[in-house]
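One structure below.
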Amino acid sequence: MAPTRKREPRKLLSQAAWITLEGGFAARHCMVRDISTAGAKIVLDGAQALPAKLRLAFARDARTGHNCQVVWRRGNMAGVKFVR
Numbered sequence: 063m064a065p066t067r068k069r070e071p072r073k074l075l076s077q078a079a080w081i082t083l084e085g086g087f088a089a090r091h092c093m094v095r096d097i098s099t100a101g102a103k104i105v106l107d108g109a110q111a112l113p114a115k116l117r118l119a120f121a122r123d124a125r126t127g128h129n130c131q132v133v134w135r136r137g138n139m140a141g142v143k144f145v146r
């Protein structure tokens with residue numbers, strides 16, 4: 063029998079946020095739909111073109127927020143996991 067995958071509890075959210083790409087200074091607006099201690103689901107135009115790594119913050123200031131790795135992309139949504 064395959065082990066079950068236990069997901070972190072998710073909090074539904076509809077909050078504006080900003081992503082910055084590695085080495086970039088320009089912040090892109092996105093919407094966080096849900097979040098957990100392990101990651102988040104984000105919605106933005108051009109989600110299919112996101113690079114593998116980015117930074118997600120709830121303020122436009124790129125010094126705050128979470129380093130993330132994109133784990134899935136579907137339409138205008140992407141799932142990211144928080145990395146250190």
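For the sequence shown, the working numbering begins at 63 and goes up steadily by one.
Note that beta-carbon positions come from the ideal geometry of N, C-alpha and C, so glycine has one too.
All figures in this text were calculated on a predicted structure; none of them were measured in a lab.
Residue i versus the options, residue with shortest Cα-Cα distance
| i | options | result |
| --- | --- | --- |
| A111 | H128, R136, V94 | R136 |
| A121 | K73, A88, G108 | A88 |
| A140 | P71, K73, L116 | L116 |
| T126 | L75, L74, P71, T82 | T82 |
| P71 | Q77, V133, R146, G101 | G101 |
Strand pairing of residue i, partner residues [DSSP]
| i | result |
| --- | --- |
| G101 | K143 |
| T82 | A89, R117 |
| L74 | D96 |
Supposed close pair residue i, residue j - CB separation, criterion 8 Å
| i | j | result |
| --- | --- | --- |
| N138 | V94 | Not a contact, Cβ separation roughly 13 Å. |
| K119 | W80 | Note that residue 119 corresponds to Ala in the displayed sequence, not to Lys. Indeed, because the Cβ distance is near 5 Å, the residues count as touching under 8 Å. |
DSSP-derived helix/strand/coil call for residue i
| i | result |
| --- | --- |
| A114 | coil |
Residue i classed as buried or exposed, judged by whether at least 16 other C-beta atoms fall within 10 angstroms
| i | result |
| --- | --- |
| A114 | exposed |
| K103 | buried |
| G86 | exposed |
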